[in-house]
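Enquirer: Following this message is one structure expressed as structure tokens.
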Amino acid sequence: MIQRNNEVLLIKRPNHRGFPGYIAPGGKVDFPESIVQAAIREVKEETGLLVSDLNFKGLDEYVNPKGNVRYMVFNYWTDSFEGELLLNPPEGELLWMPIDTALKLPMQTWFKERFPLFFETGTFEIQRVWDNELNKFL
């Protein structure tokens, strides 16, 4: 999550890109980079900004016990960045959005649940368990 004064940078993702709605920049770790290196790289690729002083805010964990699968999302916050936003970003339109109105935007449920946690003191941990037979989170 990138914050500028009382605004955050969000990506308005089109439906065909997956995860439609508004979301923060981010992505996957490319081996052998560290998690922080991946966060810095993903933000640069998606926004054009070079972030620094990343603060770990929390962990989202998605578990599928029957499939023996665990997927983890490491969440960081910063207000330290430099550079200019990309004119034609690959993931969708980039918007600085006031924090107090951002939750009114269309977002994936999992992102809407974690969004306010970025602005609270301390860290968070969220675990979601998936049931293949029911085809839903428990």
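In UniProt numbering, the protein residues as written are 1 to 138. Here a beta-carbon is modelled for each residue, glycine too, at the ideal position from N, C-alpha and C. Please read these numbers as outputs of a predicted model, since none were measured by experiment.
1) Anyone know if the C-beta pair for Thr123 and Gly21 falls short of 7 Å?
2) What is the DSSP secondary structure of Lys136, reduced to helix, strand or coil?
3) Gly83 and Gly48: beta carbons closer than 7 Å?
4) Compute the Euclidean distance between the alpha carbons of Met107 and Ile23, then round it to the nearest angstrom.
5) Give the DSSP-derived three-state secondary structure of Thr78 in the structure shown.
6) What span of residues does the alpha helix (DSSP H) with Glu46 cover, start to end?
7) Can the beta-carbon of Met1 be found closer than 7 Å to that of Phe111?
8) Is it the case that the Cβ atoms of Ile126 and Asn6 are separated by a distance below 7 Å?
9) Would Tyr62 and Ala39 qualify as a contact pair, given that the criterion is a beta-carbon distance under 7 Å?
10) Measuring only the C-alpha atoms, how far is Leu54 from Glu33?
Expert: On the basis of the supplied data:
1) no
2) strand
3) yes
4) 7 Å
5) strand
6) Ile35 to Thr47
7) no
8) no
9) no
10) 16 Å
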